[in-house]
Amino acid sequence: MMGPRTPTEPDATMSPLRRSSSSHGDRSDSTETLQKNNSSNSGVILDISALKLEVDSEVPPLPPRYRFRDLLLGDQSFQNDDRVQVEFYVNENTFKERLKLFFIKNQRSSLRIRLFNFSLKLLTCALYVLRVSLDDPEQVTGVCVNCQNRTSTTAESTESTEINWDLIFWVNRRVPVWAIQVIVALISFLEAMLLTYLSYKGNIWEQMFQISFILEMINTVPFIITIFWPPLRNIFIPVFLNCWLAKCALENMINDLHRAIQRTHSAMFNQVLILICTLLCLVFTGACGIQHLERASNQNLTLFNSLYFCIVTFSTVGYGDVTPHIWPSQLLVVILICVALVVLPLQFEELAYLWMERQKSGGNYSRHRAQTEKHAVLCVSSLKIDLLMDFLNEFYAHPRLQDYYVVILCPTEMDIQVRRVLQIPLWSQRVIYLQGSALKDTDLMRAKMDDAEACFILSSRNEVDRTAADHQTILRAWAVKDFAPNCPLYVQILKPENKFHVKFADHVVCEEEFKYAMLALNCVCPATSTLVTLLVHTSRGQEGQLSPEQWQRTYGRCSGNEVYHIRLCDSKFFGEYDGKSFTYASFHAHKKYGVCLIGVKREDNKSILLNPGPRHIMAAPDTCYYINITKEENSAFIFKQEEKDNKGLPVAGLYDAPSRLPVHSIIASMGTVAIDLQNPADPPEDSSKLTLPTENGSGSRRPSIAPVLEIADSSSILPCDLLSDQSEDETNQSDEESSSVSDFVKGYPPNSPYIGSSPTLCHLLPQKASFCCLRLDKGCRHNSFEDAKAYGFKNKLIIVSAEMAGNGLYNFIVPLRAYYRPRKELNPIVLLLDYPPDNHFLEAICCFPMVYFMAGTIDNLDNLLQCGIIYADNLVVVDKESTMSAEEDYMADAKTIVNVQTMFRLFPSLSIITELTHPSNMRFMQFRAKDCYSLALSKLEKIERDKGSNLAFMFRLPFAAGRVFSISMLDTLLYQSFVKDYMIPIARLLLGLDTTPGSGYLCAMKVTEEDLWIRTYGRLFQKLCSSSAEIPIGIYRTESHMFSSSELKDGYPQSQVSINVEDTGGDDQRDNRRESWKEKTRTHRMSTTSESEHPLLRKKSLQWARRLSRKNTKPPSRSERFSQQRLNLYRRSERQELSELVKNRMKHLGLPTVGYEDVANLTASDVMNRVNLGYLQGANTGGFGEADALYPPTPKLEPHSVPDEMNDQQNTLSYVLINPPPDTMLELNDIVYIIRSDPLAGPNVSEDPAQGQGSGGGRMRQDFGTETRDETHL
């Protein structure tokens, strides 16, 4: 007996003779060591010595050079000495595992096995039905097949009610049927035993007592016994119970089928299948059982009669024409009913639960529908009703998208409001809601993302952590891009620093970028937010057309203008201007068709250029971008000459009535507009129309507006007289002003706060300011200023109130410091922040001039006074992230609204621009409870909302005036990009977020009294195009809105837009409106040259107009005057109380109170006039012309008639007119939106040297070239 080997034995010692001199000498030692270690264990001994010998014998010796390398590097052969080939998953090589793999694990083979098993069970049921049909109950064979037949005739037992038990236990089974049943039973038995063996897990009794195993044994073992004992061949065997085994086999087969084809979420289908199979099995079992038991009675039932009885019984109808007669069959019916009462409710409950879950999750969007229909997918974190309606209204506003389906993929359950909306037939046939996550491929497969036309991924802006919301959006975008690389992506991101993560998307809208840029432009171009919002909303221009207010009809009509595009060679609008300058094409297209050409894109260039100026020559492949009510393809052209020939009417002027628009007059059907065109062959009949000068110029007075040349040279481009000089000629400035702004240089900001910001040429400081100098309220070693007054700013402040200095705030500063802003008009910017900014943000803004910050909030009066609110022109209140989510819907803006209302009461002259979370809350801005006109506008908003308008909120006065804004209004910008892929680039160019060389920028000019000689918007268009190559796109108009108390009582307030000198009635005024306009225009034209010579006469006429307007006002009664005096006295005391509060706080803080005296005594009407009419700085307000009779300034009122913010008798309103018709009359204090060409773009047209020496060319070079060449540092 051998014991364990010890190291002291000779075999265990290592002999020196066994070592080889070759490099493989250690292999035998390692082999012995391995064998020794294996022998010391109880495992398998692996002898690889033979393998090593074969390897050594087959591998030739290495060349000498490799041996020398081994000598230097050391012998590396030990790395391969112990290598052993390892085979994995050897447990699957056993016979049992291979059988299990074939019968159970493998999807396709398992499916085939289960299909075969299901067929066998159906075959046994069919054989049972065949046996029953061939069975004769009157001839029943006894126990022995060779014995004499024991026949029981029905005649003998006709009157007997006894049960013939032999007919229950014995049947007449024919030999062929018996043989087939035995073969099937033998196969089923072997299969059942094999599956039991394969699924054995250690407990044999658990498998033996399964229902399926018991049924299998009952239906197979008796047949196998009859093989060896022939007398039992006619014994009854309940083979019909195999229907339950067939049901189980069908369920397993469906599961394997779904697994094989990788179909998921089939629980609903499985449950419906199980319910149907259960009902069929109950009916089949009852029919076969009752039929067999009734054989023992004197009245035999056929199988069909038994089936009829079971169906009638289970349906609870119970006719009673067929009934069982003996108690065994009756007992079986009772048992079956009890089983049905237990099983069926459970099945129905499970089905109902799955149905409800399916309704919540939304089911699937079928592949067949995805391939035959078009659909877009909307991915959101949580779906709110406002977001859903904005998307659906804007998405389906385009005629081309009417046949699209929208599949919403949202991880949360559908709320009640969304469910109610989606049940409306208009949306239920188009919108499919799926509950799921975009991060799961199964949910993306349910939405058929790979077949979708587009995928919109929106961020949840109401989250407290907006960065986390962006991270979720980024992951969704990545998941969709990974799953469906060819699906166009439209992504909305919240914070600009996260934008570069989704740069691969087709279209990206960064919310904070657009928000801050729009709020910044609101400070220099009033109501820019309203202008852009109306442009990016789809509208037909039908809002407010039934209103009695003229301004609402005009405002609503112009709001239907949108941006469209067309190739020049395919256009009727612009096709005739091939080879002509852009400015010429824009002016003449507006004059002839009423469309405003704003931009162009070359065929070989991907960048869109806004107003490239007269240097750009139009070419046939160019893509033109224009503003119009509808696109050209949906427009019909009706010439005036055709109307004259058809109707026999004289040809009228193009736009004779001021209220008639050229394009908006006829809207025949959806997307189709009839445009009235003036026949170019007809001579102008009215002197107010724009006319081109004659060639010779003799015989007529030279026109005051130069023509727009087809191909302009540089000498024809002069700065417009209407505008302030943009070149900032230092010779025209005082020494103090020159010293203050001469330190500014132009260049690109050296530090960007985030990746992906577009570089913009800006006014910069020569050297970065220290961080301590950026603090407004604290002095440092560089300066000792501690308040805004001490700095001595020349221009009014712009104060921005924000919660924290996010990276998006950088986009507020850049548009206000862009290179095209005049340096002398740069406003100081004060950031009033709840939390101090970090050094990263300060590093980004320290290069900009006159940018300061201060820690404070708007609900603290001391902070407002310290940051210089009494010296500010605009206060921008940015929505705070911490208040965007509230427990109650629409309460997120409560604090902001109340704080703004407080500032409006304390500082009535301040223009406050507020951002709200919910657009519906804008009705509370500058709220006045007794303002009947606001109540009338509320009714109009409800009417427009009921009509399905996308712009129901547009008639709210704060929105129309551009004093309130919600970022959710810009959600439609992303939705419109699906049809108009150019909308986002154009919006970014308008807002100054992107700068393209050669592209213009948005700015504004103010119409003063000296400019009223131009008269109409069309003539202004010509003036701007011919003199400075600028394109106007709209008007911001402010009107005096006055209505009497009688009109208020009637509930239909009428706006008296102008105070007419003549006392005319309502009907006369309507009848003579055109004549009065022509009369005023003619009078103004005749008196233009002599107004400057008679200032006293002009002043007297103004005083006469004011006195006449007072005489026309009905004097109040004595009681009304007494109550008004008491109310005004109370309001005066309230205003004085607020004024004293502010002055006391200023004294406490050591601030001078000089600047607050004027603003404290302003009335509400004065406030509105100053806010709306004095929006731009440096505007020329001196002198009054004839237009003062139309719009006189607010007269100095008597104490008993002083208006207040609670007074409803007088107000002013402002609104935006986008692309008004050419005959729109200009009014005093109109602000015109213009797209000015890029001053850095040099001329590329050939010019005569002699012309270049003229004054015009010299001035142009002085304006646009000198400062750029000397001051720009790149």
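At the far end of the sequence shown sits residue 1274, using UniProt numbering, and the numbering has no gaps. C-beta atoms are modelled at their ideal positions from N, C-alpha and C, and glycine is treated no differently. Just so we're clear, the structure is a prediction, and the values are computed from it rather than from any experiment.
Between which two residues does the alpha helix (DSSP H) holding residue i run?
i    : result
L747 : Note that residue 747 is Gly in the sequence shown, not Leu. Counting along the chain, G747 falls outside any alpha helix (DSSP H), though it belongs to the beta strand (DSSP E) covering 745-747.
F853 : Run containing F853: none in the alpha helix (DSSP H); it sits in the beta strand (DSSP E), 851-855.
R567 : Per DSSP, R567 belongs to no alpha helix (DSSP H); it is in the beta strand (DSSP E), 562-567.
R817 : No alpha helix (DSSP H) holds R817; DSSP gives it neither H nor E.
Q107 : 107-134
K601 : Element bounds for K601: not the alpha helix (DSSP H) but the beta strand (DSSP E), 596-601.
V342 : 327-361
Y982 : Careful: Y982 lies outside any alpha helix (DSSP H) and carries neither H nor E.
F587 : 582-593
T896 : 894-906
E162 : Neither: E162 is in no alpha helix (DSSP H) and is coded neither H nor E.
V406 : That residue, V406, is in no alpha helix (DSSP H); its beta strand (DSSP E) goes 405-410.
Give the secondary structure of residue i by DSSP, where H, G and I count as helix, E and B as strand, and everything else as coil.
i     : result
D946  : helix
E453  : coil
G1034 : strand
D873  : strand
A636  : strand
R1015 : coil
K495  : coil
M1005 : strand
W178  : helix
Q550  : helix
F965  : strand
Q1136 : helix
S938  : helix
M805  : Note that residue 805 corresponds to Ala in the displayed sequence, not to Met. If DSSP states are grouped into helix, strand and coil, A805 belongs with coil.
Buried or exposed, going by whether 16 or more other CB atoms sit within 10 Å of the CB of residue i?
i     : result
C780  : exposed
H588  : buried
Y200  : exposed
T442  : exposed
Q552  : buried
L190  : exposed
H292  : buried
S1246 : In this prediction, S1246 has a pLDDT of 33, which is less than 50 and means its spatial position is unreliable; what the coordinates show is noted afterwards. So S1246 ends up on the exposed side.
I183  : exposed
Y819  : buried
C487  : buried
R1037 : buried
Can you find the residues in the same chain that come closer than 8 Å, C-beta to C-beta, to residue i, ignoring five residues on each side of it along the sequence?
i    : result
K580 : I617, M618, E710, I711
L774 : L842, I845, C846, V851, Y852, F853
How would you write the range of the beta strand (DSSP E) that residue i sits in, first residue to last?
i            : result
residue 1277 : Residue coverage of the chain in this structure runs from 1 to 1274, which leaves residue 1277 outside it and unanswerable.
G286         : Segment 267-293 is the alpha helix (DSSP H) holding G286; no beta strand (DSSP E) there.
H375         : 375-379
H507         : 507-510
C773         : Note, C773: premise wrong, no beta strand (DSSP E); not H, not E.
Y1233        : 1231-1236
C310         : Note, C310: premise wrong, no beta strand (DSSP E); alpha helix (DSSP H) at 303-314.
I432         : 431-435
T372         : Premise fails: T372 lies in the alpha helix (DSSP H), 367-372, not in any beta strand (DSSP E).
Leaving out five residues on either side along the sequence, give the residues of the same chain with a beta carbon under 6 Å from the beta carbon of residue i.
i    : result
Y577 : A585, M618
V431 : V406, L422
H398 : V979
Sorry if obvious, but does the Cβ on residue i come closer than 7 Å to a heavy atom of the ligand GDP?
i    : result
V317 : This structure simply doesn't include the ligand GDP, nor any ligand for that matter.
By Cβ distance below 7 Å, which residues in the same chain neighbour residue i in space, the five residues on each side in sequence not counted?
i    : result
T972 : D390, E394, V536, H537
S977 : Y490, H507, M983, I984
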